Amino acid sequence: MSEDPTGMPADAADGSLLHKPVDRRGALSIVLGGVAAGVQAVSACTPLSPATEEEKEVRILAWQEYIKGNYRFMTEAERAETIGRLERLAQVRHGADVTIQSTGAQPGVVFGYAFNISKCKGFRRCVEACINENNLDRNADTQYIRIFEMEDGVIDFDEADATYQHDVPAEGHFYLGTQCFQCADPPCVKVCPVGATWQEPDGITVIDYDWCIGCRYCMAACPYWARRFNWADPEVPAEEVNPNQHYLGNRARKQGCVEKCTFCVHRTRQGRLPACAEACPTGARVFGNLLDPDSEIRWVLAHKRVFRLKEDLKTEPRFWYFSD
Amino acid sequence: MHLRPFLLSALDSATNGGRRYHIWMGLLTLVIAVGVYAYSVQFRYGLAVTGMSDQVSWGLYISNFTFLVGLAAAAMMLVLPAYILEDVDFGRAVLMAEAVAVAALVMCLGFVVVDLGNPLGAWHLTPGIGYLNWPRSLLAWDVIVLNGYLALNLAIPFYILYSHYTGRPPAKHTYLPWMYISAMWAVSIHLVTAFLLAGLPSRPFWHTALLGPRFLASAFTAGPAFVIMLLWFIRRTTKYPIADGAFSKLALITVVAAQINIVMLISELFYKFYSPTHHSINAQYLFFGLGEHHALVPWIWTGIGLNILATIVLMIHPLRHDPRWLMPACATLFLGIWIEKGLGLVIPGFIPSPLGEIVEYTPTWVELCVTAGIWALGMFVLTVLIRVALPIELGEVRSPYLETEPPPRGVRPRSSRPRHGDVRPARTR
């Protein structure tokens, strides 16, 4: 474990940062809101005006969504407002009744993950569960988790195969899964020019999908290739949408923003396991609170020989590998 | 009171010209229009219409961006000696170089904007209403230095041109401090862009201390090479006097920088391949290919070949002083650096991915058209700026309010730029 298990950037929870931008943005949104109302009034008189009340409502909601601020600096009231708008938009646009939480990090919790490379058999049930749970784009076949098939005796990603299409487990091979490691010192957070990605007090690095401008600098900065980009408008069939959502987690993404694994923030902040850990049929995945001395993850760290990937980069991943 | 006629006469200069001028501008407009159409496709369907992927997440756009930042920075190689060291030969070339800087910056900003997945969210970068992650993010630094450099390179030439237009010598104490700032700023825009890549330990191909200096060396090769060709064209087609000395000095800068660039390339190759480690694998992909994946191998060797060929030509003194050799050599060098520092630098950083996956990259028609469109926009801006500056500098255009006043004789600053009644005929070889 790193010396500072919370690994919080100094400014993440700094109250002083919260006030100024909010005030200024509040003023801005009043001004822009006025402009929007004017635009609405004018467009209502033109032949191009939206036909139905619903279309008008969507236009206003979309505009308010466009001018909203960074979630990290929003007040509780502003968060509630944007969530209300997003839930309504999901209903109108995608016909999906969703609930978006804004559950914050729980006190005394820092999440950690351990992966047993002797137990994983490469079934990729975790990958499947992750896709369904996190509303990943079915069109582009987005996946947060990568399972690498490696030959016994060598841990070498250059020789590994992450796209295997045969019966598993294959003779003479073992399996090693990767996803976002929720680094304690995340390089992706440092490089974001607009502060659209940050680390929460429970150690989860999250993204405000609506604040992200899609420059993809974080993707270049990640040493573990954990980030994915919405190259096109993501598609999830309405009947497959997971309605239990989190603003910083599995809510609907849009074209042109970056996303990544959040250790299923919408589940884990309510005391449940991430979908991948729950789906694993072999028990290779251990998840828990690093600050709880009685947790299974702490037992693994204390009793097994563990290692992490690319430790030389000093990003201090909170994701360990071990074997029996 | 002079501003309105100044702007009107600028518009007049930019919109009037011979038949060839109109054909040139018409062609550029056509290419820009094609680019706008291609971008409209990308705007609607997302960056999925490009050849980029989660593995190769930057492509042709960012490649052109890194190259053009160098072109913008290199313009200062002329401004510095002209204004600060008062070099007479460079004096007349310097406004042209600043026009090149402005055009290059317009292209840089264009390439960054078209690369954004959410361009409508670009306002998030504005400090105050948005949030600029400065000083932590190098991209935030880049936003600041590029816009600042653009402002400097618009303001200084505007002041000088406007002064000449209104018949007053530009006051040195007004513009010189900004010149110094601009000179340092030029180095900074390029170093910051290099640091943007070099600051990523996740990408060993870029994570080298040599990247910054290499960026500067290649910039001071391609930049002056471009300015040489531009000045040659201006001297051939207008009566604007440009001294032979300007060419020989620029050519000297170019050839010295080109040699330093090649030395750095050799250092890089030695470092990567004498004792190859895991971190050499991207370079191996670039220079020799990995198995059946070798898309960039012919590309990079073409670039290196062009660089070496042109550098050798320029190292031979009689050839360097002969425009029949100098111009093709400059064009070759410009192309060579564009290959080496564009796709040849950005793409191999992503192949293989940090987890060893090899996904190759080929730009799509959308990327090619948008790229061509932005280059045409840059050339359009450059042509307009030069078109506006030349008549003022030649003394052909002056504020109408000056006609009643006596010409400002006797006020002869030490600056070497041409003034009213100071027009020398174009020299011919």
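Protein sequence lines, in the order shown, are assigned to chains E and V. Each residue of the first sequence is one higher than the one before, counting from 4 in the numbering used here. Each residue of the second sequence is one higher than the one before, counting from 8 in the numbering used here. C-beta atoms are modelled at their ideal positions from N, C-alpha and C, and glycine is treated no differently. Being a predicted model, the structure only gives us computed values, none of them experimental.
The beta carbons of Val76(V) and Cys115(V) sit closer together than 8 angstroms.
Not a single C-beta of chain E is nearer than 8 angstroms to the C-beta of Arg221(V). Contact annotation: in the region 99 to 125 of chain V, residues whose CB is within less than 9 angstroms of a CB in chain E are Val119, Asp122, Leu123, Gly124 and Asn125. DSSP places Lys124(E) in the coil class of the three-state scheme, outside both helix and strand. Beta bridge pairing from DSSP links Gly291(E) with Gly115(E). Within chain V, the C-beta atoms nearer than 8 angstroms to that of Ile216(E) come from Leu123, Gly124, Asn125, Pro126, Gly128, Ala129, His131 and Leu132, in chain order. Within chain E, the residues whose beta carbon sits less than 8 angstroms from that of Ser360(V) are Trp228, listed in sequence order. In this chain, His180(V) is not harboured by any beta strand (DSSP E); it is covered by the alpha helix (DSSP H) spanning Lys179 to Ala205. The beta carbon of Thr318(E) sits closer than 7 angstroms to those of Cys186, Asp188, Pro189, Pro190 and Pro226, all from its chain and outside the five residues before and after it, given in chain order. For chain E, the residues of the region 283 to 297 of chain V that bring a beta carbon within less than 9 angstroms of one of its beta carbons are His285, Ile288 and Leu297, in chain order. At a beta-carbon threshold of 8 angstroms, the residues of chain V lying near Pro190(E) are Leu207, Pro208 and Ser209, ordered along the chain.
CA-CA distance, Pro134(V) to Leu157(V), rounds to 18 angstroms. The CB of Phe232(E) comes closer than 7 angstroms to the CB of Asp61, Ser64 and Gly124 in chain V, given here in chain order.
In this structure Val107(V) is in contact with Phe233(V), their Cβ atoms being roughly 6 angstroms apart against a cut-off of 8 angstroms. By the 16-neighbour rule on beta-carbons within 10 angstroms, Trp372(V) is exposed. Where Glu238(E) is concerned, there is no enclosing alpha helix (DSSP H), because DSSP gives it neither an H nor an E. Looking at the DSSP output, Asn247(E) bridges to Thr102(E). A Cβ-Cβ contact shorter than 8 angstroms links Val199(V) with Val152(V).
At a cut-off of 8 angstroms between beta-carbon atoms, Asn71(V) makes no contact with chain E. Contact note: Phe160(E) reaches chain V through Leu362 and Gly363, using a C-beta cutoff of 7 angstroms and chain order. In the structure shown, Met153(E) adopts extended strand secondary structure according to DSSP, grouped into three states. Under the three-state reduction of DSSP output, Gly180(E) falls in the strand class.
A Cβ-Cβ separation of about 4 angstroms places Asn125(V) in contact with Gly217(E) under the 8 angstroms criterion. At least 8 angstroms separates the CB of Asp140(E) from every CB of chain V. Remark: C-beta atoms of Gln248(E) and Thr102(E) approach each other more closely than 8 angstroms. For a Cβ distance threshold of 7 angstroms, residue set Tyr138 and Asn140 of chain V lies close to Gly198(E), ordered along the chain. Taking C-beta atoms as the reference points, Pro204(E) and Ala108(E) count as a pair closer than 8 angstroms. Non-local beta-carbon contacts of Gly252(E) in its own chain, meaning distances under 6 angstroms to residues more than five positions away in sequence, involve Thr265, Val268 and His269 in chain order. Counting other Cβ atoms within 10 Å of its Cβ, Gly125(E) reaches 16 or more and is therefore classed as buried. Taken in chain order, the whole alpha helix (DSSP H) runs of length 4 or more contained in the region 61 to 129 of chain V are 67 to 81, 83 to 86, 95 to 98 and 101 to 122. When the beta-carbon positions are compared, Glu400(V) and His171(V) come within less than 8 angstroms of each other. For Leu297(V), the three-state secondary structure derived from DSSP is strand. Shortest Cα-Cα distance from Thr73(V) to any of Val56(V), Leu223(V) and Pro184(V) involves Leu223(V). Cβ contact annotation for Ser298(E) (same chain, cutoff 6 angstroms, sequence separation greater than five): Gly291 and Asn292, in chain order.
Under DSSP, Glu262(E) shares a beta bridge with Arg231(E).
Among the residues facing chain V, Asn119(E) is not included, as its CB has no counterpart in that chain under 8 angstroms away.
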